[in-house]
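Numbering (the working numbering), first residue to last: 98 to 383. All residues carry an ideal CB built from backbone N, CA and C; glycine is no exception.
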């Protein structure tokens, strides 16, 4: 089932008097949305009581919850003690996700830092294999762990790198952030063919099932020579990328992603626009 929703709560959510994330599922459902990503970006500080309240509301309104693990994760850090913290962030995020009734943990894999990129990625890959073993040891293999394509060039997270990480085990699903890919390629995503090439590479590298169930982040993103600078809204007409060509490619390939919009403050409104565009494209294609 294809789903659409925002990452976090939009400005409009608070402007309308809402205060708590457990109110988000109903608010989103009334706008025709059915996905919601809760961010632990700055730390995992939600109580089980609040997580369970989100779970109950999400179940009542058929909203699928995912979580984003802390931004501090870096599986290429040469310090093993810091790697231990990264394993812990992922596993603790998953424990809270379980309390929220969700299935997917999204995480940033690593930063290259001062290392050679090849060496940094090799270390990251080794640690993803250790993470896999710890996930199984913790009995968390029913969940899906989604390493994300990254927007800054000095981060581990090119399309090829994410494909290789996700090939480690069935528990890893790709989180494809098309805004990030566009930023790290200096605006390289413009046409439906550009999106087709990405989807083809995903399908060839990971098989149809993982491509079919991929987790998608989408927003327009300002970029410079180093890649991502900041997230924008759909009103941007300079940086892109555009969503409609992606919708065309996804319909052509018959995929069923979860689409999470990460626009700056307008993520719910723009998620609705994404859904409307997708439904229009699907109707025209059929």
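- Between the stretch 272-289 and the stretch 329-347, the count of Cβ pairs shorter than 8 Å is three or higher; the stretches touch.
- The alpha-carbon separation between residue 319 and residue 175 amounts to approximately 30 Å.
- The DSSP assignment places no complete alpha helix (DSSP H) segment of no fewer than 4 residues inside the stretch 208-232.
- Between residue 109 and the set 353, 173, 311, 125, the nearest pair of CA atoms involves 125.
- Residue 228 and residue 261 have their alpha carbons spaced roughly 15 Å apart.
- Listed in chain order, the non-local C-beta contacts of residue 209 below 6 Å within the same chain comprise 217, 251, local neighbours out to five positions each way being set aside.
- DSSP, reduced to helix, strand and coil, places residue 287 outside both helices and strands of the structure shown, so it counts as coil.
- Taking 8 Å as the cut-off, the beta carbon of residue 293 is found closer than this to the beta carbon of residue 346.
- For residue 137, there is no enclosing alpha helix (DSSP H), as DSSP gives it neither H nor E.
- Between residue 137 and residue 190, the C-beta spacing is below 8 Å.
- Per the DSSP secondary-structure output, residue 201 pairs in a beta bridge with 163, 241.
- A direct Cα-to-Cα measurement between residue 221 and residue 298 gives close to 21 Å.
- From the listed residues 198, 244, 188, the smallest Cα separation to residue 231 is found for 188.
- Judged by DSSP in its simplified three-state form, residue 271 adopts coil rather than helix or strand.
- Annotation for residue 323: 249, 250, 251 place their beta carbon closer than 8 Å to its own, counting only its chain and skipping 5 residues before and after.
- Going by C-alpha positions, residue 116 is about 19 Å away from residue 140.
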